[in-house]
Amino acid sequence: MTLFIALVAFAIGAGLVAWLATRGYLPTLLEAATSATSQATAPAPAAAPAPSAPPAAQMSQIATVEGRLAMIEDRISRIDFQTDAAAGNAGRAEGLLIAFAARRMIDRGEPLGYVADQLRLRFMNAQPRAVQTVVDFAASPVTIDGLSARLEALSPELTVTDTNRSLWERTRHEITSLFVVRRDSAALANPAARIERARLMLTAKRIDAAIGEVERLPGAESANTWIADARRYEAVQKALDLLETTAMLEPNRLQDSNGRTVDQPSPLAPAAPAGEPTEAADPAPEASEGA
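Read in my numbering, the sequence shown has 138 at position 142, and its numbers run on one by one without any break.
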């Protein structure tokens, strides 16, 4: 019975297929079945890429980068300022060393050599008279030892009394002494004591005081050349003092080894009081330039 039913079902199916084939429906059904199978086995489409960061996040990143760039620029500016400050201070230190070297050579009576060129390069724009005073003195130097030796050699002439003078010399001395107030004791006014004090003043480099003692001696006229040389020595010492001060404090006319202006403020310069104009706005008058 079962076999009979199977045969009947097979016969019906074969007849249905034959009928569909004769009517032209079979290719259409096969194509539809194939398409459904392909869609069932096709891979799932790839996931769409995630959307980009929202504009607010991008702006935050840009702001962070700009902040870092600003910090870098600020650091570079500070480094440049510190570099300029170091260069300016180095220029001042070199100028001070040149002034010290010039003083050492002047005290020894040695020629300045290359130091004279450095003095002109660094200080001529700021203190031309002081530089010229030092250079001229070095061409015909005088030393403390030399002045002391010459004073010792002049002692006999400086201690001459009125009895050894001519009438004209005694008259001239009396006239020049009319308005001199003498408060010295006899011992202090003694010519030998004055010469000894003048020698001590020379050793201490108190040139003015030494000259004053010599000028009060009876035979001071015989020491005119000595007095002139002593005044020259005093003038060059003042000029060197001025150059050293210029190296430390000059605000805008000191120059470095390359001839560039040292405009970096000196660390030793006094700070301007609050409420007063700065030196750039109201420059101070030029300092005195030596003897």
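Heads up, the beta-carbon is just placed ideally off N, CA and C, and yes, glycines get one too.
Determine the DSSP secondary structure at residue 139, reduced to helix, strand or coil. coil
Could you pull the start and end residues of the alpha helix (DSSP H) that residue 208 belongs to? 203 to 211
Tell me which residue opens and which closes the alpha helix (DSSP H) that residue 108 is part of. That residue, residue 108, is in no alpha helix (DSSP H); it is neither H nor E in DSSP.
Is the CB-CB distance between residue 236 and residue 130 below 8 Å? yes
With distances taken from CA atoms, which of 255, 94, 155 and 96 is nearest residue 219? 155
Taking 6 Å as the limit between beta carbons, can you name the residues of its chain near residue 146, skipping five residues before and five after? 222
Three-state secondary structure (DSSP) at residue 8? helix
In terms of DSSP beta bridges, what is residue 251 paired with? 257
Residue nearest to residue 212 in terms of C-alpha spacing, selected from 144, 228, 255 and 186: 186
Rounded to whole angstroms, how far is the Cβ of residue 197 from the Cβ of residue 188, which I believe are closer than 8 Å? So it is not a contact: roughly 15 Å between Cβ atoms.
With H, G and I counted as helix, E and B as strand and the rest as coil, what does DSSP make of residue 129? helix
Should the stretch 104 to 113 be regarded as contacting the stretch 56 to 69, the criterion being three or more beta carbon pairs within less than 8 Å? no
Taking 8 Å as the cut-off, decide whether the C-beta atoms of residue 90 and residue 252 are in contact. yes
Residue 63 - DSSP class collapsed to helix/strand/coil: helix
From the DSSP output, in three-state form, read off residue 123 for me. coil
Inter-residue spacing [alpha-carbon to alpha-carbon] between residue 225 and residue 138: 7 Å
Less than 8 Å separating the beta-carbons of residue 232 and residue 94? no
Please report how far the alpha carbon of residue 127 lies from the alpha carbon of residue 60, in whole angstroms. 57 Å
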